[in-house]
Amino acid sequence: MGRLEEKVGNVEGKVGNTEEKVENIQQLMMINEEHMGKIEERADITEKRIEEMDYRLTLTDQSKKKKIILLEMDRADYYLRFQNIEEEKEENLAEIIADLLAGALEVSKEKVIGDIDEIFRVQTRYALKNKLPREVHVRFTKKVITEILQKARDDTLKYRGKVITVLKQIPRNVKDLRRKYQFLTKCLIKRGINFRWLIPEGIMVTWHEQRHRLDSGVGFYWFCPPL
Numbered sequence: 002m003g004r005l006e007e008k009v010g011n012v013e014g015k016v017g018n019t020e021e022k023v024e025n026i027q028q029l030m031m032i033n034e035e036h037m038g039k040i041e042e043r044a045d046i047t048e049k050r051i052e053e054m055d056y057r058l059t060l061t062d063q064s065k066k067k068k069i070i071l072l073e074m075d076r077a078d079y080y081l082r083f084q085n086i087e088e089e090k091e092e093n094l095a096e097i098i099a100d101l102l103a104g105a106l107e108v109s110k111e112k113v114i115g116d117i118d119e120i121f122r123v124q125t126r127y128a129l130k131n132k133l134p135r136e137v138h139v140r141f142t143k144k145v146i147t148e149i150l151q152k153a154r155d156d157t158l159k160y161r162g163k164v165i166t167v168l169k170q171i172p173r174n175v176k177d178l179r180r181k182y183q184f185l186t187k188c189l190i191k192r193g194i195n196f197r198w199l200i201p202e203g204i205m206v207t208w209h210e211q212r213h214r215l216d217s218g219v220g221f222y223w224f225c226p227p228l
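Here the sequence shown stands for residues 2 to 228, where the numbers follow this note's numbering.
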């Protein structure tokens, strides 16, 4: 009996040790789970911070792009493009522009030349595609630009018998932004609806004496529903 009792005691001791080990393992698992929970919580916080940082960076980038576009548009406001002016050898572009505008603006050629800050020819895709002379780009004072554009809208400007088209200078970044509005502007023109471009992008439409800002697809289809 003594040996049996001893063996039973040993077994009970081992069982007790096993239960103690199991309990220790369970405690470790609980600690690990708690630890993992804290790690996941920290990961969530970190992820939120990264998302907030990305959002702030996106806003910063958008703000920078807008500022760049505004600066480019401000610079472009002083330039006009003249299409279909024939090229000549040793041409004096300032004299040509003065001949073109002096009569239309009812000022002297000297006055026109005095308002020119910079003048040069530029090869454009439009000119190449339509086999036209290189465009003449001119930097004027802003006041003169308004007068020239108004006159070009009211009367036909001609040089050596050819009709001259006068256009405002539009920076490439703005042109890229406006491409998605092309179908809309064509539709508005076809329907006789007045609109003007917004900076840095978008269109302001005047409809039934009310103004509507269009800078999303929803607004596009409201005025020009797809066929």
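All residues carry an ideal CB built from backbone N, CA and C; glycine is no exception.
Around the C-beta of Gln84, 16 or more other C-beta atoms lie within 10 Å, and the residue is accordingly described as buried. The shortest CA-to-CA distance from Ile194 to any of Thr207, Gly203, Gln183, Leu106 is the one to Thr207.
Here the alpha carbons of Pro134 and Gln124 stand approximately 8 angstroms from one another. Membership of Val123 in the beta strand (DSSP E) is indicated by the continuous run 117 to 123. In the DSSP assignment, Leu150 falls within the alpha helix (DSSP H) that extends over 143 to 155. Approximately 6 angstroms separates the beta-carbon atoms of Arg122 and Val137; this is inside 8 angstroms, confirming the contact.
For the pair Lys191 and Arg197, the Cα-to-Cα distance works out to about 15 angstroms. For Arg179, the enclosing alpha helix (DSSP H) has its first and last residue at 173 to 179. If you draw a straight line from the Cα of Cys225 to the Cα of Tyr182, it is about 11 angstroms long. With fewer than 16 other Cβ atoms from the protein chains shown falling within 10 Å of its own Cβ, Val164 counts as exposed.
Membership of Leu158 in the beta strand (DSSP E) is indicated by the continuous run 158 to 160. Residue pairing by DSSP places Arg197 opposite Met205 in a beta bridge. Looking at the DSSP output, Val139 shares a beta bridge with Leu81, Ile120. Rounded to whole angstroms, Ile26 and Ile46 show a C-alpha spacing of 30 angstroms. DSSP places Lys132 in no beta strand (DSSP E); its state is neither H nor E.
The beta carbon of Lys187 is closer than 8 angstroms to none in its chain, skipping five residues each way along the sequence.
DSSP places Lys90 outside any beta strand (DSSP E), giving it a letter other than H or E.
For a cut-off of 8 angstroms, the C-beta gap from Asp116 to Thr142 is around 5 angstroms, short enough to register as a contact. Straight-line spacing of the CA atoms in Gln170 and Lys66 works out to 19 angstroms. In this structure, the CA atom of Phe184 is about 15 angstroms from the CA atom of Glu202.
In this structure, DSSP gives Gln211 an extended state, which the three-state scheme calls strand. The C-alpha of Arg76 is placed about 25 angstroms away from the C-alpha of Leu215. Straight-line spacing of the CA atoms in Arg126 and Lys176 works out to 13 angstroms. In the three-state scheme derived from DSSP, where H, G and I count as helix and E and B as strand, Val167 is classed as strand.
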